[in-house]
Amino acid sequence: MFNKEEKKVAEELSNSSNTIGKGTTVEGNIETYGNLRVDGRVVGNIVTKSKLVLGQTSQVDGNILTQNAEVFGEIKGKIEVSDLLVLKASSVVHGDILTNKLVVETGATFNGGCKMGSAVKEIKIGENGQQNSIKQQEVKTA
């Protein structure tokens, strides 16, 4: 069990916000407990236990693992979302999607496979560059 101080630290981490601005390129994996907004380019995987927003000018060349995501930009890679994925009209996705709930606006471009009704049971943030993992997935096929 967590004591009061550990709970406070965990809550602060999940409420933190991170931004990668327009014109910025990050090469490498990003792991965070808090929210993340990307308006620049990421070459690598993104893992967040909170919400991910990819702005209209964003480009991600890598896999994504998150609780919730709102995509306005471009992704080349696999997307795994444990709750809600929203593909806005300006979004372009080249890769497979695994999500519980999906909203696709008119005009969004999606090239890949999609599995709905799946739940990512646990999102782990790796330590010292270790690989993140998904403990268990349930997949319902239509």
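So the number in my numbering is just where the residue sits in the sequence shown, counting from 1, plus 307.
Beta carbons are placed, not taken as given, at the ideal position from N, Cα and C, and that holds for glycine.
List the whole-angstrom C-beta distance separating residue i from residue j, where the pair is believed to meet the contact cut-off of C-beta under 8 Å.
| i | j | result |
| --- | --- | --- |
| L392 | T413 | L392 to T413, Cβ: 16 Å. No contact. |
| L372 | I430 | 6 Å |
| I327 | V354 | Contact flag wrong, Cβ pair sits at about 14 Å. |
| S252 | T416 | Not covered by the structure: residue 252. The range shown for the chain is 308 to 449. |
| G384 | V410 | At roughly 20 Å, the Cβ-Cβ gap does not stay under 8 Å, so G384 and V410 are not in contact. |
Beta-carbon separation of residue i and residue j under 8 Å?
| i | j | result |
| --- | --- | --- |
| E349 | G380 | The sequence shown places Val at residue 349, rather than the Glu named in the question. No, they are not a contact pair. |
| C421 | I404 | yes |
| S336 | N325 | For the sequence presented, residue 336 should be read as Asn rather than Ser. No, the Cβ-Cβ distance between N336 and N325 is not below 8 Å. |
| G341 | K329 | no |
| H401 | G419 | yes |
| N375 | K395 | no |
Output the boundary residues of the beta strand (DSSP E) element that contains residue i.
| i | result |
| --- | --- |
| T413 | Looking at the DSSP string, T413 is not in any beta strand (DSSP E), and its letter there is neither H nor E. |
| K358 | 353–361 |
| I432 | Counting along the chain, I432 falls outside any beta strand (DSSP E), and DSSP gives it neither H nor E. |
| D368 | 366–368 |
| N336 | From DSSP, N336 is part of no beta strand (DSSP E); its letter is neither H nor E. |
| S323 | No beta strand (DSSP E) contains S323, which DSSP labels as neither H nor E. |
Within the segment 381–412, ranges of the beta strand (DSSP E) (whole runs, at least 3 residues): 381–383, 386–394, 399–401, 404–411
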